[in-house]
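Peer 1:
Residue numbers (mature numbering (1 follows the signal peptide of the UniProt record, and there is no 0)): -26 to -1, 1 to 444.
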């Protein structure tokens, strides 16, 4: 009898420890943002939610209600890659309703950059939570040094805890169709978080999330993705037929960046390949590789201003591709997010972080290699939907490497390879598999596809969320 009581007590302690009890709202409404003219034409909320035993990890988020029908439109939790890249990058450069405008500040180091509406936002078709994860990313922070450290699994578990707490604060969205989403290195997070959500639903202890599936763009998935760089380069005309044949002969069975020490010939070929493509922009092979100058000084900012005035792509003007430097606009994000008035408007806690960075390359994160293929298999077996899309000009995670791991799932093909169309033009190519998986290329897009082809990607998502063929 005593043993039963102890077991029951342990069970209820476990039950209570997993229940999410909160009082008060997590974030605050933001009606005005520095740099944007007038009140925001959409509902924005931003703030923190604490996770962990003592809530020592404070995860920052931006939530934007759907601009169509928030009561029934899907709820999407979006995380960026890196690891360590802020979801604000996704909001301002990819899928959010704001972008930086054409006006260049007179004093670029002090004046807040201009924001304007972005017409191809995914918030036209979904409610979106942009989450900075793990701790140390964007405005998210940890109160202790120990909590600054994280592994892939810890970061994913914390994201799940965040979601549960957020839904307690926003019960009106519990019944909305829910999707996870992200791109690049988020491919290491999204399948795991989605699996944790599915497992949590099965346990029935916490709030049941209306999980429908996940969306991934140019995702990191398999550790051998670099193996496909050489075939991709050959297909895109970056290397000769002879060099490609030499690579195949010398490096068969080798992993691109883990070559056997005794295979000297393969090492030489790979080194030659790296030298050959050194000047290619890996994020988009057709855009120039602009090496950014030192931009911390006033002189550097003045130089940047001159470049922006000369090659101002923000106005939508056509400029020669050889003189286009996409990274220039990323500087606006650093200027904007670090402005005191912006942080005050976004409810950022003073002194919680040092300087905001679009991507924190000093993140204390242990990205232990995890085989993600079983996660995709389990989720597909459970009937969850998945959309995997690839910008076909990405040299970081090529579309053929993504196709390779999808082939490894061994799913049957339901709808054969075909073009998908936007405004009577081919926007890319798509194939539908059994187990509710859709693959699509985005023609002419780079590593973060929506940044390069916003209209096409918005149309893609609208169709997919509506269960329509691409």
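Ideal Cβ positions, reconstructed from N, Cα and C, are used throughout, including at glycine.
#1: Taking a contact to mean a Cβ-Cβ separation below 8 Å, would you say residue 365 touches residue 304 in this structure?
#2: With distances taken between CB atoms, is the gap from residue 135 to residue 25 smaller than 8 Å?
#3: Excluding sequence positions up to five away, which residues of its chain have a Cβ less than 6 Å from the Cβ of residue 333?
#4: Quick check on the DSSP output: what are the complete beta strand (DSSP E) runs of length 3 or more inside the segment 125 to 203, in order along the chain?
#5: Taking contact to mean at least 3 C-beta pairs separated by less than 8 Å, is the segment 364 to 380 in contact with the segment 192 to 202?
#6: Less than 6 Å between C-beta atoms, sequence neighbours within five positions excluded: which residues of the same chain meet that for residue -1?
#7: Based on the DSSP secondary-structure assignment, which residues constitute the bridge partners of residue 389?
#8: Can you give me the Cβ contacts of residue 475 inside the same chain, cut-off strictly under 6 Å, excluding the 5 residues immediately before and after it?
#9: Rounded to whole angstroms, what is the Cα-Cα separation between residue 187 and residue 168?
#10: Going straight from the alpha carbon of residue 9 to that of residue 115, what length do you get?
#11: Could you tell me the distance, in whole angstroms, from the CA atom of residue 392 to the CA atom of residue 414?
#12: Kindly indicate which residue of 111, 123 and 140 has the alpha-carbon position closest to the one of residue 2.
#13: Is residue 285 helix, strand or coil by DSSP?
#14: Classify residue 361 as helix, strand or coil using the three-state DSSP reduction.
#15: Taking the DSSP output, what are the residues bridged to residue 32?
#16: Just how far apart, CA to CA, sit residue 239 and residue 224?
#17: What's the gap between the Cα of residue 371 and the Cα of residue 110?
#18: Are residue 99 and residue 47 touching if we call contact CB-CB under 8 Å?
#19: I need the boundaries of the alpha helix (DSSP H) containing residue 379, first residue and last residue.
#20: Rounded to whole angstroms, what is the Cα-Cα separation between residue 462 and residue 49?
#21: Are the Cβ atoms of residue 89 and residue 72 separated by less than 8 Å?
#22: Taking the straight line between their C-alpha atoms, what separation do you get for residue 317 and residue 5?
#23: By DSSP, does residue 369 sit in helix, in strand, or in coil?
#24: Per DSSP, which residues does residue 414 bridge with? Please list them.
#25: Any idea if residue 150 is buried or exposed, counting beta-carbon neighbours within 10 angstroms, 16 or more meaning buried?
#26: With DSSP run on the structure shown, which of helix, strand or coil describes residue 431?
#27: Helix, strand or coil for residue 50, going by three-state DSSP, please let me know.
#28: Ignore the nearest five residues each way along the sequence and tell me which others in residue 237's own chain have a CB closer than 7 Å to its CB.
#29: For residue 441, count the other beta carbons within 10 Å of its own beta carbon; 16 or more makes it buried, fewer makes it exposed. Which is it?
#30: Can residue 339 and residue 108 be called in contact, C-beta distance under 8 Å?
#31: Rounded to whole angstroms, what is the Cα-Cα separation between residue 407 and residue 386?
#32: Could you give the distance in angstroms between the alpha-carbon of residue 205 and the alpha-carbon of residue 433?
#33: Taking its Cβ as the centre, do 16 or more other Cβ atoms sit within 10 Å of residue 469, making it buried, or is it exposed?
#34: Could you tell me the distance, in whole angstroms, from the CA atom of residue 438 to the CA atom of residue 242?
#35: Quick check: what's the CA-CA separation for residue 319 versus residue 16?
#36: What do you get for residue 163, buried or exposed, if any count of 16 or more other CB atoms within 10 angstroms of its CB means buried?
Peer 2: In brief:
#1: The count along the chain shown starts at 1 and reaches residue 365 at position 391. The count along the chain shown starts at 1 and reaches residue 304 at position 330. Their beta carbons are not under 8 Å apart, which means residue 365 does not touch residue 304 by this criterion.
#2: As a first step, residue 135 is located in the chain shown; it is residue number 161 there, counting from the start. As a first step, residue 25 is located in the chain shown; it is residue number 51 there, counting from the start. Yes. Within cutoff.
#3: Residue numbering aside, residue 333 sits at position 359 when the chain shown is read from its first letter. Taken in chain order, the residues that qualify are 56, 58 and 59.
#4: 152 to 157 and 185 to 191
#5: yes
#6: Taking the chain shown and counting its residues from 1, the one referred to as residue -1 is at position 26. Result list for residue -1: 21, 23 and 143, in chain order.
#7: Position 415 of the chain shown holds residue 389. Residue 389 is bridged to 406.
#8: Given that the chain is displayed from residue -26 to residue 444, the structure contains no residue 475 and the question cannot be resolved.
#9: Taking the chain shown and counting its residues from 1, the one referred to as residue 187 is at position 213. Taking the chain shown and counting its residues from 1, the one referred to as residue 168 is at position 194. The straight-line gap from Cα to Cα measures roughly 8 Å.
#10: The count along the chain shown starts at 1 and reaches residue 9 at position 35. The count along the chain shown starts at 1 and reaches residue 115 at position 141. Their backbone Cα atoms lie some 25 Å apart in a straight line.
#11: Taking the first residue of the chain shown as 1, we reach residue 392 at position 418. Taking the first residue of the chain shown as 1, we reach residue 414 at position 440. Taking the straight line joining both Cα atoms gives about 10 Å.
#12: Counting from one through the chain shown, the residue named residue 2 turns up at place 28. Nearest C-alpha to residue 2: 140.
#13: Against the chain shown, residue 285 aligns to sequence position 311. Note that residue 285 has pLDDT 41, beneath the 50 cutoff, so the model's placement of it is unreliable and the number below is only indicative. Three-state DSSP puts residue 285 in coil, outside helix and strand.
#14: Translated into the one-based positions of the chain shown, residue 361 becomes position 387. The answer is strand: DSSP assigns residue 361 an E or B state.
#15: Indexing the chain shown from 1 puts residue 32 at position 58. Bridge partners of residue 32: 24 and 115.
#16: Sequence index remark: in the chain shown, residue 239 carries index 265 (1-based). Sequence index remark: in the chain shown, residue 224 carries index 250 (1-based). The alpha-carbon atoms of residue 239 and residue 224 are separated by roughly 6 Å.
#17: Taking the first residue of the chain shown as 1, we reach residue 371 at position 397. Taking the first residue of the chain shown as 1, we reach residue 110 at position 136. Taking the straight line from one Cα to the other gives about 25 Å.
#18: Locating residue 99 in the chain shown gives position 125, counting from the first residue. Locating residue 47 in the chain shown gives position 73, counting from the first residue. A contact, by the Cβ cut-off of 8 Å.
#19: Taking the first residue of the chain shown as position 1, residue 379 is located at position 405. It spans 373 to 382 - the alpha helix (DSSP H) in which residue 379 sits, taken as one unbroken run.
#20: Here the chain comprises residues numbered -26 to 444, so residue 462 is not present and cannot be evaluated.
#21: Indexing the chain shown from 1 puts residue 89 at position 115. Indexing the chain shown from 1 puts residue 72 at position 98. Yes, the Cβ-Cβ distance between residue 89 and residue 72 is below 8 Å.
#22: Residue numbering aside, residue 317 sits at position 343 when the chain shown is read from its first letter. Residue numbering aside, residue 5 sits at position 31 when the chain shown is read from its first letter. Near 14 Å, if we compare the C-alpha coordinates of residue 5 and residue 317.
#23: One-based indexing of the chain shown puts residue 369 at position 395. Note: residue 369 maps to coil in three-state DSSP.
#24: Counting from one through the chain shown, the residue named residue 414 turns up at place 440. In DSSP, residue 414 forms a bridge with 363 and 404.
#25: By one-based count along the chain shown, residue 150 stands at place 176. It is buried - the Cβ of residue 150 has at least 16 other Cβ atoms within 10 Å.
#26: In the chain shown, the residue the question calls residue 431 occupies position 457. Residue 431 falls in the helix class under three-state DSSP.
#27: Your numbering for residue 50 matches position 76 in the chain shown. The answer is strand: DSSP assigns residue 50 an E or B state.
#28: Stepping through the chain shown from its first residue, residue 237 is reached at position 263. Excluding positions up to five away in sequence, the list reads 228.
#29: Taking the first residue of the chain shown as position 1, residue 441 is located at position 467. It is exposed - the Cβ of residue 441 has fewer than 16 other Cβ atoms within 10 Å.
#30: By one-based count along the chain shown, residue 339 stands at place 365. By one-based count along the chain shown, residue 108 stands at place 134. Going by C-beta atoms, residue 339 is nearer than 8 Å to residue 108.
#31: Counting from 1 along the chain shown, the entry for residue 407 is found at position 433. Counting from 1 along the chain shown, the entry for residue 386 is found at position 412. Cα to Cα, the separation comes out at about 6 Å.
#32: Translated into positions along the chain shown, residue 205 becomes position 231. Translated into positions along the chain shown, residue 433 becomes position 459. Each residue's alpha carbon lies about 30 Å from the other.
#33: The chain is shown from -26 up to 444; residue 469 falls before or after that span and cannot be answered.
#34: Reading the chain shown from its first residue, position 464 is the one you call residue 438. Reading the chain shown from its first residue, position 268 is the one you call residue 242. Rounded to the nearest angstrom, the two C-alpha atoms are 45 Å apart.
#35: As a working note, residue 319 is residue 345 in the chain shown. As a working note, residue 16 is residue 42 in the chain shown. Cα to Cα, the separation comes out at about 15 Å.
#36: In the chain shown, counting from the first residue as 1, residue 163 sits at position 189. By the 10 Å Cβ count, residue 163 comes out buried.
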